[in-house]
Every structure is written in structure tokens, then in C-alpha cells.
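K.L.:
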Amino acid sequence: MSLLAVKGLGIGFGGIRAVDNVTFSTEPGKIFSIIGPNGAGKTTLFNLISGVYRTESGSVTILDEEVTRLSPEALAARGMARTFQNLQVFFRMSALDNVMVGAHVHEAPRGLSHLLGLPSTARENRQTRDEAMALLTRLRLADVAERTAGNLSYGQLKRLEIARALASRPKILLLDEPAAGCNPTETAEIDEIIVEVARSGVGILLVEHDMKLVMGVSDRVLVLTQGRVLIEGTPAEVANSPAVIEAYLGTGLPSLEATHA
Amino acid sequence: MLAQFLQFTMSGLTVGAVYAVVGLGFTIIYNASGVLNFAQGEFVMIGGMVTVFAVAAGVPLPLAILLAIAVAAIVGIGLHRLAIEPARDASPVVLIIITIGGALVLRGIAQLVFDKQLHKLPGFSGDTPVNFLGASILPQALWVLGGTAIMVALVSLFFAKTMIGKAVLATAANRLAAQLVGVNTSVILAISFALSAAIGAIAGILVTPITFTHYEVGTMLALKGFAALVLGGLGNPMGAILGGLLLGLCEQLSAGYISSTYKDAFAFIVMIGVLLVRPSGLLGSKLAERV
Amino acid sequence: MRGLIGNRWAELGAMALLIGLVGLILPSGYYFRVGALVLVSAIAALGLNLLLGYAGQVSLGHAGFVGIGAYAVALLPTYWGVPTLLALAGGAVFSGLLALALGRPILRLKGHFLAVATLGLGILVAMVLTNEARITGGPDGMPVPRLELFGTRIRAPETWYWITGGVLLVATFFAQNLLNSSTGRALRALHDSEVAARAAGIDVARIKGIVFAVSAIYASVSGSLLALLNGHITPDVASFLNSIELVTMVVLGGMGSLLGSLIGAAVLVILPQALTIFHEYEHLLLGSFIILIMIFLRDGIVPTLRKRFTERGS
Ligand SMILES: Nc1ncnc2c1ncn2[C@@H]1O[C@H](COP(=O)(O)OP(=O)(O)OP(=O)(O)O)[C@@H](O)[C@H]1O
Ligand SMILES: [Mg+2]
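Protein chains in written order, with the numbering used here: chain A, 1 to 261; chain B, 1 to 291; chain C, 1 to 314.
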């Protein structure tokens, strides 16, 4: 039984198949990376898995439970969390509040007692806040906890998204280019956090252009081109595959060694 | 039976034509600037009121009509310059509220310059109904339908054939790009507002002999024109026309056969219904939101 | 920016102080009446602020709920002998349920579409109130039986001032509670990014329904109090224009500022009172005023001032 199994997943946008017949599965505690040139369909694949787009063909299961076409919130309730390539931060809220929102699935949906301000609400708030502060500290954001997210730097926002995703204590974590636009030091930090989270038993799906990061941390790598799986294997297998080298060179995109944003 | 049905259909098409023109006016401005102009109904009111008062002051009808169209066009440009351009970067909702404020101002001015009474114009070809298969039809209704058809045709030609029309479309597609290729977008937007105001005024003039006019008619017309737009599909001029005619028909048929008490409510029920079932309207296309 | 907790008591305190001080200096019944009108409008604006300012969902039809509340305390006691306070609660519950039922589908819409759907909704309510003339008195309206508390009829504007002030404080307290909870965080989150909110497990439809219902209840209570204060009610309370005024109050005072709702209400209620001599110019002035606010004070009075202060402080 796999943690997350994707079978024959596909979707098209007006003629082009953005994701076409993609199949793979991941295990708890493992880092599964998806790479491919720009426009290959990586983000679209994430959108399908996390329920943002409605799948047209294929299926997704979590621990053998069929979850295809479930809403993002239903998937979150089943232990999925994600970050976004183009920041989706709650810009008007403080960094702390952003991370507290991440814990939403663990809070009781009791609108009336929230309105009345019953003691249970205060207790819940305190617990969520403590957990969120711990995560902010872990991602070196503690000193900006009270700042409005809109005023944070790009690198800080990238880490804030990770903190928010972790706040739901996920079983499966989808990271869409978490190190994009970050300097080498920041990238190294994110690298470390990803490994650490995986070690705690979370299954990670990682989309990243930074090949050093990918090849260093991944257990398995899947190469996507034009929506299709080109190859899947260990980092070494993928790096040495002639098909991959050709695909990358053929599109005139940076070679595997190069890092880019 | 048939006579009655014809009667209702004819009056439905007549009011529907006005909704269609208001809807078309909305579309022209929306496509050029992304603003939903809720002062659209006031242009219709201005067309009717200015003509009525000019005629009463002794101006010959054709001249009065030209005057009314000119006034509406100038008001349209003024609205854009004074109220909308200064808030160009505001959210759509703020812009909607600004145009509602503009509508209030225009209504307030109409109330001061004119009065608060109901007014009508004599029919252009007299007020004696002609008999058609047992239904009695006002000649003015034919003026409204014919006038609307001609207007729609001219507007389409304007966008398809003239340089200015193409510049408007280019501005709509991408304001910055249009500026880069040398289009004066500010002028283009002014033209859109003037055009939209002018066609609204013409509809107002054509329909005043049938439905009368009043300083407050604008609100309902704007709302129903918008309902027509939603029904047809936002941004599609043909959708606005189709939506307007359908809305007018449904309204008059339901008023005739069911009850006229909630005749006005009908447009809103249809509008909300369409929004909920098919927000893209009858002729609109669906779009997936990108993340 | 300070977290919500720090601001909370300051905000409530400022509001109480403002209401109390003004209440002490008002010279006559007329002024208390205007004061009570401000407070009543502030209750509706506060509710709308939760929806518009915090959750970012527009309603251009909120006066519809004000109308429901107003006619609840007019119709229920008149025709069915329902005690006034029960009628007020009935109106609030009805408004809340209506909002909950309609909110789910309507709030799926965005931007323009949401604005217009809610606008249609408000107009439908106004139409029903006008057309059912046999019981509502049509456009001329109907008298509202006075509120009786502990055997005395509440008529004096002074009393109404303090009652509405009390209700506003309670309303503020509840709004703060809501904002300072997971529901409140969720509703602020969906304002900024619906996808991210959903990916974090927030049932966006449910949360929107809740805020819409709460704001409808606030509007309904405000309408009931308005009817009782005036002793007479017309379908105008539910008019499109009133909906626009409510939105303008929220924007003027400051979206996302509860204190701002009171300030916005004060300006929009007092100004026309001060300008009654210009009755003929009412539309013109109100329209110009709305345009000017939207162009120059789009960020709202309270947030603008707060920004000034914090900038100077740092
Ligand atoms: N909502 C949408 N509507 C239309 N086309 C879309 C949509 N979403 C994605 N696409 C198309 O699907 C294809 C894959 O895009 P996607 O964003 O998934 O690529 P990617 O692999 O994430 O690229 P990058 O490395 O640049 O992030 C592209 O051709 C894109 O234009
Ligand atoms: Mg991508």
C-alpha cells in the first residue's frame, strides 16, 4: 500500500495535454522529485493531485483510499499539504496568523462558540499559536512573527509557505519550487528542512529546478516533458539517462548541472 | 389568442431592445476599460429628458435629438474624466460604486435642471396603433426595433472596419501594448464612453414616446441592462443583445399571462438564476482559473 | 502592525469612550436621535465590514436584510401579537437562515458577479416590501408598535441612544471574538488567497456562508432598532441606495477596522442631516460624496490614520 498513488492522471487545456497519463507512487518518509523543463506540466500535476484542478482521466489514492476529484479542503483533511510556485500567501495577515491558518484542519469547526468567545476558543487559539510559533522558529521567522506578511522578503515568504504547510502536520507534502529565487544559503536551509521533514515520516513530492538540491535529497526522480513521464528512477539512473540529457539539450534549456530560478 | 400573444411579444421586444442597447453600452465600456458602468441607465434618461425639454422649448425634433445625443456623449466623457480615470487602479467593486455615485449625481442634476415629472414625446409617426393580425402595434415600436437594429449594425461596423474601432479593441486587449504601438488610450477610453452614452441616449429618445421618461428611470434600466448582459455573457456584444431581447420578452409575457405585480422582479430572478447555473451566460465561454 | 489581541480592548474601549463622552455632551433630544441613528447604522456597517472588509466578499444588497429586520418588528407585533423583542430575534434568525441558504451558491461568484447577484437580492426584498401593500402599507410604509421594556414604552431619544450604544458594543465584542478564532482567521485568509485557504483545509463555502449570515443578522438587528427608534417604516430602508450607503460607510471608515465602521456611519449619517437645508441637492451631494470618498479615501479613515501614527512612531 502506497502513501500516494497516481494512475494515468491527465488533463488538457484547449487541445494541448498539459498532463498526460502520469503514473507513480510515493512512500512515507521518502522524497519524490518531479523535474522537467518549463511548461512540462509539473505545477499542473500538483494542481491535479491537490484537487485545485478537476482531473479528466486517471485516479489518485491516499493509502488505498480513492481521492480522485476530491476538493482541496477534503484532501487537506486527509493529510495533504502544499506550497505554491507563485506565492499564495495571506498578505494582509501577520506571519504568525498565516501559519495559524495552516493548522485549520486541527481546529474544531464551531462558528457559534467562536462568535460567543467561549473558553474553548481561547484554549484552541493558545495551542495553535504555540505550535505556529514553534514552526516559525524552526524556519527562522520568529522575529517577524507579528509582521504583516506583505512586508516580508521573498525568501521569508517562501519559508512562510513551508511553515504554513507544515502546520497542518501533513502525511503528504507537495512543494512546488520551494527554493526558487533563493540564494545558496537559503537554498541550503530549505534543503535541510526538507530532509528533516522527510525523516519525520512525511512523504514529500518536490518540484524543483535546482538540480543540485534535487539530486542531493531525492530518493526517486521523475522526469516530465510535455505532460508525459520520460523516465522515473533513482537520481543516479536519471542523471545518466541519455533520453533525459537529450530532452534537456533538445529544448535548449539549462543542463542538469546548472542551477536556475 | 394569437393576437394577445403577438401583442405581448411585440411589447416584450420593444422594451427588450432598450435593455439590449443598455447592455451593449455596458459591454462597450467594459471591453475597453474593464469598468462596469452603472450610470448607463442615466444616459437613456438624459436622451429622453433633453429631447423632451428641447422640443418643449421650441427646438425642432431632429435638432433636439442631435442635441440630446451630444449632451449624453459629453456627459459620458465627463464621467470618465472626472470620476473613473482618477480611480483607475481601484478594485472593480470600488469602480462600480463610483459609477453608482456618478449615476446619483446625474440624477440629482436632472432633477434640478429638469423636474420630477413624467414626460413623453409624441410618436415619430403618430400615436395611432396599426392593426397586425389582431394585435394593435404602435408605430413607434417599429421605430425602436428598427433604430436598435441599425445601431447594432453600425456599432459592429465601427469595431470591425474603422481604425478607431480597432484601436478600442486593441486597448481592451492590452492597454500597455496599445500605448506602445502609439494608440492614445486615454482618447480611446473617452470615445468608448461617448459612444456608449450616445447609443444609450438614442434608445432613450426612441422609447420615450412609448414608456415615458422621468429623472429616476435610469436605475432600473441599468440594472435590467446588466441582467441582460449577464444572461447573454459578459463581454460579448451579441450576448448583450440576445439577453436584452430575451429578458424583455420573458418580462412582458410573464406580466401578460401570469401577473404584472412582480414584473420587475423577474429580471433579477433570471439574473441570479443564470449567475448560479451558468455564470458565463448563454454565449460566454468558460475559463479555468490559473494558479 | 500589532496582533489582534493587543488591539482588542483598545478598540472596544475607544468605542465605549466615544459613545459615553458624546452621550454626555449632546444638548437635546434631536441630537440624541441623530446619535442613535449613527449607532444603528454602525451596527449594520460593522456586520458588513466582517463580510466586505475582512472576508473580501462584496454585498450590494445588504439593505435587504435591514428591511427584513425592520419589517419583522413592524409586522409580527401588529398582526400576530408577537412581543417586540421576539420579533427582533425572529427577524435576525430569518435573515441569518436566508443568508445561509442563499450565501452558499451566491458567494461562489467573484468580483462583479457577486456584487450584482447580491444587488439583485436586495432589490427583490425591497420589491416584496413595496408590492405586498395589503400588509406592509406599500410605498407609504406602516407604523411600528413601540418597544416596551419593564412595563414602560421606550420613546425618549436619550434612552434609544444608550440602548443602541450598548447593542453596538456587544456587536463589536462578538465580531472581535469571531475574528480572533479559527473561523476568523479562515475568513481573513480567503480574502487573500482562496486556493491557499482551501489547500489549508478551509471549507471556503462554509466560512463564507457563516460570515454572510452573521453580517445579515447584524443588518437585521440594525433594521429592527431603526424601525423601533423611528416608530414608522417604509420600504426605502431596503433600497439599493441604502445598500450603497452601507458599503460607503465601510470603505470610508476603513475596511477591516471595526472602529472605522462607527466613524464611517457617523460621517454618512450626520452629513445629510447637516445638509437637510439642501434637500433639493440630496442626490447630487450624496453622489459626489461617494465618488470623492472612493477616489481619495479608498483606504479608509482609520487605517490611514493608523498608518500615519505607526510611520511616525518608527
Ligand atoms: N489553467 C490553465 N489554462 C490553460 N492552460 C494551462 C493552465 N494551467 C496550465 N496550463 C498550461 O499547461 C502547461 C503546463 O504548465 P505548468 O505550469 O504545469 O508547467 P510547469 O512544468 O509547472 O512549468 P514551470 O517550470 O515554468 O513552472 C503549459 O503549457 C501551461 O500553459
Ligand atoms: Mg510550475
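Note that CB positions come from ideal geometry on N, CA and C, so glycine has one too.
(1) Let me see if you follow: with CB-CB separation under 7 angstroms, is Gly79 of chain A close to chain C or not?
(2) Using 10 angstroms around the beta-carbon of Ala167 of chain A, count the other beta-carbons present and answer buried if the total reaches 16, otherwise exposed.
(3) Of all the CB atoms in chain B, is at least one closer than 7 angstroms to the CB of Phe113 of chain C?
(4) Within 6 angstroms: the Cβ of Ala126 of chain C and any heavy atom of ligand 3?
(5) Note down, in chain order, each residue of its chain lying with its Cβ closer than 7 angstroms to the Cβ of Ala198 of chain B, except the 5 sequence neighbours on either side.
(6) Can you tell me whether Phe84 of chain A sits near ligand 1, meaning its C-beta is under 6 angstroms from at least one heavy atom of the ligand?
(7) Return helix, strand or coil for Pro145 of chain C, following the three-state DSSP convention.
(8) Under the DSSP definition of a beta bridge, which residues are partnered with Lys7 of chain A?
(9) Counting only beta-carbon atoms, is Asp236 of chain C nearer than 7 angstroms to chain A?
(10) Could you tell me the distance, in whole angstroms, from the CA atom of Ser113 of chain A to the CA atom of Ser182 of chain C?
(11) What in chain C is Cβ-close to Ala265 of chain B, meaning under 7 angstroms?
(12) Nearest CA to the CA of Leu225 of chain C: which residue from C:Ala205, C:Ala70, C:Leu52?
(13) Can you tell me whether Ser91 of chain B is buried or exposed? The criterion is at least 16 other CB atoms within 10 Å of its CB, across all chains shown.
(14) What span of residues does the beta strand (DSSP E) with Asp219 of chain A cover, start to end?
(15) Cutting at 6 angstroms between CB atoms, please list the residues of its own chain near Pro77 of chain C, excluding the five before and the five after it.
(16) Kindly indicate the opening and closing residues of the beta strand (DSSP E) around Gly126 of chain B.
(17) Could you check whether the region 191-210 of chain B touches the region 17-30 of chain B, counting it as contact only if at least three pairs of C-beta atoms, one from each stretch, sit closer than 8 angstroms?
(18) Can Asn38 of chain A be considered in contact with ligand 1, in the sense that its beta carbon sits closer than 6 angstroms to one or more heavy atoms?
(19) How is the alpha helix (DSSP H) around Asn21 of chain A delimited, first residue to last?
(20) Report back the beta-carbon spacing between Ala219 of chain C and Gly47 of chain C to the nearest angstrom; my notes put them in contact at under 8 angstroms.
(21) Is Ala263 of chain A near ligand 1, in the sense that its beta carbon is under 6 angstroms from a heavy atom of that ligand?
(22) Between Val274 of chain B and Leu229 of chain B, is the Cβ-Cβ spacing less than 7 angstroms?
(23) Listed from N- to C-terminal order along the chain, which residues in the region 190-217 of chain C have their beta-carbon within a distance smaller than 8 angstroms of any beta-carbon of chain A?
(24) Going along the region 117-135 of chain A in order, which residues come within less than 8 angstroms of chain C, judged by CB to CB distance?
(25) Please report the straight-line C-alpha distance between Glu282 of chain C and Thr276 of chain C, rounded to a whole angstrom.
(26) Does the distance between the C-beta of Lys42 of chain A and the nearest non-hydrogen atom of ligand 1 fall short of 6 angstroms?
(27) Mapping the DSSP letters down to three states, classify Glu146 of chain A as helix, strand or coil.
(28) Let me check you understand the geometry: is the CB of Phe32 of chain A closer than 6 angstroms to at least one non-hydrogen atom of ligand 1?
(29) Please determine, among A:Arg169, A:Val229, A:Leu141, the residue with the shortest C-alpha to C-alpha distance to Glu186 of chain A.
(30) If you follow the beta strand (DSSP E) that Gly203 of chain A is part of, which residue opens it and which one closes it?
(31) Using beta-carbon positions only, say whether Arg164 of chain A and Gly102 of chain A come within less than 7 angstroms of one another.
(32) Buried or exposed: Lys42 of chain A, going by 16 or more other Cβ atoms within 10 Å of its Cβ?
(33) So, is Val187 of chain B buried or exposed, given that buried needs 16 or more other C-beta atoms within 10 angstroms?
(34) In angstroms, rounded to a whole number, what distance separates the CA positions of Ile162 of chain A and Thr83 of chain A?
(35) Should Ala161 of chain B be labelled buried (16 or more other beta-carbon atoms within 10 Å of its own) or exposed?
P.N.:
If we stick to the structure as given:
(1) False, the Cβ-Cβ gap to chain C never drops below 7 angstroms.
(2) Around the Cβ of Ala167 of chain A, a 10 Å sphere holds 16 or more other Cβ atoms; the residue is buried.
(3) Cβ-Cβ to chain B under 7 angstroms: yes for Phe113 of chain C.
(4) Ligand 3 is absent from the structure shown, which contains only ligand 1 and ligand 2.
(5) If we look at Ala198 of chain B and ignore the five residues flanking it on each side, its Cβ neighbours are Ile69, Ala72, Ala73.
(6) No.
(7) Looking at Pro145 of chain C - three-state DSSP - the assignment turns out to be coil, as it is neither helix nor strand.
(8) For Lys7 of chain A, the pairing in a beta bridge is given by DSSP as A:Ser59.
(9) Taking Cβ atoms only, chain A never reaches closer than 7 angstroms to Asp236 of chain C, which makes this a no.
(10) The straight-line gap from Cα to Cα measures roughly 11 angstroms.
(11) Correct list: Leu124, Met127.
(12) Nearest option by C-alpha distance: C:Ala70.
(13) Flag for Ser91 of chain B reads exposed.
(14) Per DSSP, Asp219 of chain A is not a residue of any beta strand (DSSP E), being assigned neither H nor E.
(15) Excluding sequence positions up to five before and after Pro77 of chain C, its CB lies within less than 6 angstroms of the CB of Thr84, Ala87, Pro145, all in the same chain and listed in chain order.
(16) Segment: none, Gly126 of chain B is in no beta strand (DSSP E) and carries neither H nor E.
(17) The region 191-210 of chain B and the region 17-30 of chain B touch, with no fewer than 3 CB-CB distances between them shorter than 8 angstroms.
(18) For ligand 1, at least one heavy atom lies less than 6 angstroms from the Cβ of Asn38 of chain A.
(19) Per DSSP, Asn21 of chain A belongs to no alpha helix (DSSP H); it is in the beta strand (DSSP E), 16-26.
(20) That belief holds up - the Cβ atoms of Ala219 of chain C and Gly47 of chain C are roughly 5 angstroms apart, short of 8 angstroms.
(21) For residue 263 of chain A there is no data in the structure shown, the boundaries of chain A being 1 and 261.
(22) Contact: no.
(23) Taking 8 angstroms as the Cβ-Cβ cut-off against chain A, the residues of the region 190-217 of chain C that qualify are His191, Asp192, Ser193, Val195, Ala196, Ala197, Arg198, Ala199, Ala200, Gly201, Ile202, Asp203, Val204, Arg206, Ile210, Val214.
(24) If you check each beta-carbon in the region 117-135 of chain A against every beta-carbon of chain C, the ones closer than 8 angstroms belong to Gly117, Thr121, Glu124, Asn125, Thr128.
(25) Rounded to the nearest whole angstrom, the C-alpha separation of Glu282 of chain C and Thr276 of chain C is 8 angstroms.
(26) Taking non-hydrogen atoms of ligand 1 into account, the C-beta of Lys42 of chain A is found less than 6 angstroms away from one of them.
(27) DSSP places Glu146 of chain A in coil when its eight states are reduced to three.
(28) Because no heavy atom of ligand 1 lies under 6 angstroms away, the Cβ of Phe32 of chain A does not count as near it: no.
(29) Of the listed residues, the one whose Cα sits closest to Glu186 of chain A is A:Leu141.
(30) Segment 203-207, the beta strand (DSSP E) holding Gly203 of chain A.
(31) Result yes, Cβ atoms of Arg164 of chain A and Gly102 of chain A sit closer than 7 angstroms.
(32) Classification for Lys42 of chain A: buried.
(33) Per the 10 Å Cβ criterion, exposed.
(34) Those two C-alpha atoms are separated by around 6 angstroms.
(35) Contrary to the premise, residue 161 of chain B reads as Lys rather than Ala in this sequence. Taking all protein chains in view, the Cβ of Lys161 of chain B is surrounded by fewer than 16 other Cβ atoms within 10 Å, so the residue is classified as exposed.
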